[in-house]
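Have a look at the structure below before the remarks.
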Amino acid sequence: MTDDLNIGRRRLIAGGVAAVAGTGLAAQASASASSLPPNELNGYSLPLSARGEANIVGAPPWNYVGDLLGVEFWTTPEAAQAALPAGLTADPTTSGHGYALFIDWQFTTGDRQDYLEPVRSQYSEFLILLDARFQSTNVAWCPFIWVDNDASLARGWFQGFPKKIGQVHQTRAYSVASKAAPVLGPGGTFAGTLSAAGRRLAEGQITLANTIPNLPALSRPICNLRHFPRLRAGQYDNPAVHELTLSILDGVQLGTTWAGAGKLQFFPAPGEELADLWIVGTGQGFRSTLSYSVSDLRILTGPDAR
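This note's numbering numbers the first residue of the sequence shown as 404 and each following residue consecutively.
Pasting the structure below:
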C-alpha cells in the first residue's frame, strides 16, 4: 500500500487483516445542516415514515458477524480486465487473480439487538473480489455479488456493492460430533453454492488441512462503484451518482482460519456474466469467522472525493 492517496492501513488484528481509512478522515468530516425539508417523514432510507421504523435500512453503524468460505482462483487477464470499471486497472503482478466468497451473515444496526429477530437479521451472500489497482494502490474490485435479504441489498447499493438477489448456502459446522456435519479441522470438507432465478451459478468446495494466520481475501481494501441512474428521457447515460468508493471496515475480528485445497466452478445463465470470468486455475480454499462494523465510506472519484 502506497501513500499516494493518503490511505492509511489500520492493523486491527494479528495476521494482516486490515481496514482502510483516509488519513485525518475524522478531521475532514464536518457537520452540516440537514437538507431535508421541514416536517419531512423520518428514517435513514426508504420508505420514510411517521416513526422512522419502516425504512429498509437504519442509520449506521452496521455490525456484522459471519462464517466465511472462500476459494482463490485465476481467470484470464483479458476477462479480469474486461470486468474492471473506468478508473481501475489490472494489477500486473497478479493479473487474473481473485477470490470467490460464500458468507453466512448476522447483522445489527447500532446498539439494537436485531439478532433477536433472526428472520430479519440473518442473510447469506456470495461475492467475487478481483485484484486491481486504483492509481498505484492495490485494491480488490467487486464486480458481482448476490444476497437473499432486502436490507443487505439496500446497504450494498449505498456502498457501491452491485448486489442482486440470489440463494446462497454453505455447509455448517457444529460444536458436537455428528455424521451430519464435517469436522472443523483436518479432513473436514465444506461446500458453498449460489443460485439465482432458478439457475445454479457457482459452487465451491474446500477440504481443511491446517490453520493460517490471516484471511487471504481481506489483504486489500475493497473498491466499489456507486451508480444511481436518472429516470429522465435523454439522461439515461448521465447518472445522478457515479463514483468509485473504498470500503472502511472498523473493529475487524477474525476467528481461527482453516485452509486447504479448493475447488470452484462458475456456470453460464441468462442475464448473468459470472461465467465470463473463466476459471483457469484454483488455489487455496479457506474457512473462518469474521466480524466488523461499517459507519463510513471513502469516496475516491467524483465531486465528493476525499
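We put the CB at the ideal spot given by N, CA and C, even for glycine.
Since we're looking at a predicted model, the values are computed, not measured.
- Measuring C-alpha to C-alpha distances from Ile568 to each of Ala576, Gly637, Ala554, Gln562 identifies Ala554 as the nearest.
- No Cβ-Cβ contact shorter than 8 Å links Leu604 with Glu528.
- For Gln516, the secondary structure class from DSSP, reduced to helix, strand or coil, is coil.
- Gly473 is the residue among Pro480, Gly473, His572, Asn541 whose C-alpha sits nearest the C-alpha of Thr610.
- Spatial neighbours of Arg575 in its own chain (CB-CB distance under 7 Å, excluding positions within 5 residues in sequence) are listed in chain order as Ala584.
- Put simply, of Leu533, Phe505, Gln509 the residue whose alpha carbon is nearest the alpha carbon of Ser498 is Leu533.
- Your pair Gln562 and Thr648 checks out as a contact, with CB atoms roughly 6 Å apart and the cut at 8 Å.
- Comparing C-alpha distances from Gly607 to each of Asn617, Leu451, Ala557, Thr596 shows the shortest one belongs to Thr596.
- Taking the C-beta atoms as reference points, Gly665 is found nearer than 8 Å to Gln687.
- Taking Ala643 as the centre and dropping the five residues before and after it, the same chain places the C-beta of Phe631, Arg633 closer than 6 Å to its C-beta, in chain order.
- Nearest neighbour of Arg690 by Cα position, chosen from Gln668, Leu680, Ser448, Pro616, turns out to be Pro616.
- Under DSSP, the beta-bridge partners assigned to Thr596 are His572, Glu606.
- Counting of Cβ neighbours within 10 angstroms places Glu475 among the buried residues, the total reaching 16 or more.
- Close CB contacts of Thr692 within its chain, under the 6 Å cut and outside five residues either way in sequence, are with Asp470, Gly658 (chain order).
- Here Thr512 is near Gly461, since their CB atoms are less than 8 Å apart.
- In this chain, Asp679 is not harboured by any alpha helix (DSSP H), its DSSP state being neither H nor E.
- Taking C-alpha positions only, Pro488 is separated from Lys582 by approximately 46 Å.
- Under the criterion of beta carbons closer than 8 Å, Ile548 and Phe564 qualify as touching, at roughly 5 Å.
- An exposed status is given to Gly455, since fewer than 16 other beta-carbon atoms sit within 10 Å of its beta-carbon.
- The Cβ atoms of Trp465 and Phe510 sit closer than 8 Å to each other.
- Beyond the five residues adjoining it in sequence on each side, Gly490 comes within less than 7 Å, by CB distance, of Phe537, Leu647, Thr704 in the same chain, given in chain order.
- With a threshold of 16 other beta carbon atoms within 10 Å, Asp507 meets it and is buried.
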